[in-house]
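Whatever position you read off the sequence shown (first residue = 1), add 279 for the numbering used here. To start, the structure under review is shown below, and the notes come after it.
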Amino acid sequence: MKTIILSSLVFLSLVSGCKKSGSECDQVFDHTVSLMPAEMQGKLKENKADAIAKCEKLSPEARKCALAAKTVDDLMKCPRT
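As structure tokens, then:
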């Protein structure tokens, strides 16, 4: 479980923002946070700016995949580039 949470944090850092559209980035971030356990959500929200900065290099496919994810496991299957 700890590995899944750590992996999710890394993925969240990558997918929670984008260069193209602020509203899309907010949607990706909010959706990704909503998939995380409640005890993790506050910490994730504290790092939103860093996550957005890291995500600027992601492809549109990665953002689309993150938005479509229904579970953390689905999220972990999304491209990270």
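Idealized CB from N, CA, C, for every residue including glycine.
Between the C-alpha atoms of residue 346 and residue 332 there is a straight-line separation of about 18 Å.
Cα atoms of residue 307 and residue 322: separation of roughly 17 Å, rounded to the nearest angstrom. Taking all protein chains in view, the Cβ of residue 328 is surrounded by fewer than 16 other Cβ atoms within 10 Å, so the residue is classified as exposed. Ranked by how close their Cα comes to the Cα of residue 339, the residues 315, 358, 310 and 319 have 358 in first place. Counting of Cβ neighbours within 10 angstroms places residue 311 among the buried residues, the total reaching 16 or more.
In the DSSP assignment, residue 342 falls within the unbroken alpha helix (DSSP H) covering 339 to 347.
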